[in-house]
Amino acid sequence: MIRFDNVGLRYGSGPEILRDVTFHVLPGSFHFLTGPSGAGKTSLLRLLFMSLRPTRGLIFVFGENLADLPASGRAALRRRIGIVFQDFRLLDHLTTWENVALPLRVMGKRESDYADDVTDLLHWVGLGERIHAYPEILSGGEKQRAAIARAVIGRPELLLADEPTGNVDPAIGNRLLRLFVELNRLGTSVIIATHDYALMDQLDAPRLMLQEGQLQVSPT
Amino acid sequence: MTFLTDIRDYPWTSLLAGILPARLTALLPRRFQGAPAQIVPSASIAGNALTVVIAIMTFLACLTAGGVYMINQSANAWVHDIASEITIELDPINAPDIEKKMTLVSLFLAKQKGVTRVKPLSADDSAKLLEPWLGSTAALSALPIPRLIAVEIDRSNPPDIELIKNALNQNFEGVTLDDHRRWQAEIRTITRSAALGGIAVLGLVAAATIAIIVSATRSAMASNRAIIEVLHFVGANERFISGEFERHFLGLGVRAGLVGAFAAAISFLLLPLMMHLLGGGVVTEAETRRLLGSGELDLGGYFLLVGVVVVVAGLCMITSRLGVFRVLKSYA
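Protein chains in written order, with my numbering: chain A, 1 to 220; chain B, 221 to 552.
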């Protein structure tokens, strides 16, 4: 599904922040991506999400070599990936429901076909009472859940999450982890970038450890 | 093929929803109402500022375009009128029976080939021509005002002016023919200068309008960068994102442009009244009328204002499209 071959990344003429990163993500797998702050977790996620180009090496996403892929092809691949940003990136002028429905809308689906799914998912993540609320009045945890709901509503083949439980209490964090596990059982590959060892300890999943720009896969 | 596909797939039915204000959009049939919520917010501080800027620049561009059009129309009409007319001037001094002489000359002119109409001007008519400069005074009747005969000529089959001039000189004393050639040459120079000057001013206003609208649209686009990013990350392709922004900015451009053009149209409608109120006197008013004609814009002029709105709205749309591409290009 995802293959990195000797990938290196540097910003401008700065030092290389990712070096010789090589790993595979198989369909239906579950990985944690961890490492100290500044190790390059977010940069690695951005490479996975095709919002950065590597300075060297090859990246294959769903079998496509990104180096050969035009912008339209990358947009099509991106629709098969859900992403949860650390800073949520909800649109302030849209309600929670409209934010969550956005990926389906850009896919060209009819509102009548997905309206119930969006509402059900919002209830499931505990935002049933906040459907018509705008992001600016949501708490950090609520925004996080809305961002996760937006990432998973399109049933992506790959889910990338950057610190998805960083702003929620342990109970909600566990509930969100269950959501990720449930999605994984349904066939979605999941990569969660986190510092939260308590969260990682709850699941028997391989850990991608980033240390000083280099990646080690640590099976538990 | 891509272009044709773009046109085929463009959400034309929701275009109307992008142009009309939200209140009116709700009244449209469902299929014209577009997407359920506007992905690009309809109101923002940058958007409101852009609306005001576009309305003002459209107003100025419309005033300039309409003014140049009006001067051009007026000058063309004037040259056309003069070119189809010659004037015979009879010196009243040493002419004891001037009325008889007027009749004889008129009859002589009416017989000439290529002359379509001969109109002798009465002494009162001649005096009235001087009124803007000398005022309406009884003293006019005491002045030896030359008597005039206006002669309309067939432009498709013009008479031999030199032949008529020589015949008049031979048969009548104190009669001169003015074919307005000197005036025509001067008016053509003035017209050309006015037109060139107008076009230069129009060019400057157009350049300023384009620069300001492009700059203001870019600023408004900068405030929408977060929206472009989110749409990009949830998998929207360039066409979807640019389509959302194009509709929004086209609508904004049309609405603001119409406000500016409407204000300019009102100004042109009020221009004759303003000319009268601000004319400063009969002479100034007469000179202003000579330059601007009646001061009223004809149908072609109003179409020109609509053209300005179309160009302004198109500029907004294209700038927003380029802005989207610029943001998307910054990603991999």
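We treat Cβ as the ideally placed atom computed from N, Cα and C, and that holds for glycine.
These numbers come from a predicted model, not from an experiment.
Enclosing alpha helix (DSSP H) for residue i [first to last residue]
| i | result |
| --- | --- |
| B/V547 | L519 to K549 |
| A/N6 | Run containing A/N6: none in the alpha helix (DSSP H); it sits in the beta strand (DSSP E), I2 to R10. |
| B/Q390 | I381 to N391 |
| A/K143 | G140 to V152 |
| A/R105 | T96 to V106 |
| A/V268 | The question about residue 268 of chain A has no answer, for chain A in this structure spans 1 to 220. |
| A/V118 | E111 to W124 |
| B/G423 | R401 to A442 |
| B/S326 | I318 to A330 |
| B/I447 | R445 to F453 |
Environment of residue i [buried if 16+ CB atoms lie within 10 Å]
| i | result |
| --- | --- |
| B/S462 | buried |
| A/K143 | buried |
| B/T336 | exposed |
| B/M221 | Since pLDDT at B/M221 reaches only 47, below the 50 mark, its modelled position is unreliable, and no value is offered. |
| A/D162 | buried |
| B/K333 | exposed |
| B/V272 | exposed |
| A/I2 | buried |
| A/V217 | exposed |
| A/A193 | buried |
| A/T188 | buried |
| A/E136 | exposed |
| A/P156 | buried |
| A/G38 | exposed |
| B/H496 | exposed |
| B/L548 | buried |
| A/F32 | buried |
| A/S43 | buried |
| B/E393 | exposed |
Minimum C-alpha distance to residue i - residue among the options
| i | options | result |
| --- | --- | --- |
| B/A370 | B/N268, B/D518 and B/D399 | B/D399 |
| B/A281 | B/S443, B/G543, B/G521 and B/E449 | B/G521 |
| B/D374 | B/E319, B/I306 and B/T411 | B/I306 |
| A/T119 | A/T96, A/L77 and A/G140 | A/T96 |
| A/Q211 | A/K41, A/H123, A/L160 and A/L159 | A/K41 |
| B/A481 | B/E466, B/F523, B/R467 and B/V325 | B/F523 |
| B/H452 | A/L26, A/G12 and A/M50 | A/M50 |
| A/L176 | A/L159, A/A205, A/G12 and A/R145 | A/R145 |
| B/I419 | B/A362, B/H468 and B/L283 | B/L283 |
| B/S443 | A/N184, A/L138 and A/H93 | A/H93 |
| B/L304 | B/E372, B/S326, B/Q404 and B/I381 | Reading off the sequence, residue 304 of chain B comes out as Ser, not Leu. It is B/E372 whose Cα lies nearest to the Cα of B/S304. |
| A/Q202 | A/Y114, A/I81 and A/F180 | A/F180 |
Test: residue i CB closer than 9 angstroms to a CB of chain A
| i | result |
| --- | --- |
| B/R541 | no |
| B/N186 | Past the edges of chain B, shown from 221 to 552, lies residue 186 of chain B, and the structure says nothing about it. |
| B/M221 | Here the model assigns B/M221 a pLDDT of 47, short of 50, so the residue's position is not dependable and the matter cannot be decided. |
| B/E466 | no |
| B/Q258 | yes |
| B/G455 | yes |
| B/L636 | In the structure displayed, chain B extends from 221 to 552; residue 636 of chain B sits before or after that span and is not available. |
| B/L472 | no |
| B/A440 | no |
| B/V547 | no |
| B/F469 | no |
| B/I447 | yes |
| B/F488 | no |
| B/C536 | no |
Run of the beta strand (DSSP E) containing residue i, from where it starts to where it stops
| i | result |
| --- | --- |
| B/V335 | V335 to P340 |
| A/I192 | S189 to A193 |
| A/G166 | Premise fails: A/G166 is in no beta strand (DSSP E) and is neither H nor E. |
| A/E16 | E16 to V25 |
| A/T55 | No beta strand (DSSP E) holds A/T55; DSSP gives it neither H nor E. |
9 angstroms Cβ cutoff, residue i in contact with chain B
| i | result |
| --- | --- |
| A/M107 | yes |
| A/R130 | no |
| A/I81 | yes |
| A/A75 | yes |
| A/F85 | yes |
| A/L102 | yes |
| A/G12 | no |
| A/S218 | no |
| A/A224 | This structure does not reach residue 224 of chain A, given that chain A is present from 1 up to 220, and the question cannot be answered. |
| A/L90 | yes |
| A/S37 | no |
Opposing strand residues paired with residue i [DSSP bridges]
| i | result |
| --- | --- |
| B/E309 | B/L368 and B/T396 |
| A/I81 | A/L158 |
| A/N65 | A/F60 |
| A/R207 | A/F32 and A/S218 |
| B/I373 | B/V335 |
Any non-hydrogen atom of the ligand PLP closer than 8 angstroms to residue i Cβ
| i | result |
| --- | --- |
| A/G154 | This structure lacks the ligand PLP, and indeed carries no ligand of any kind. |
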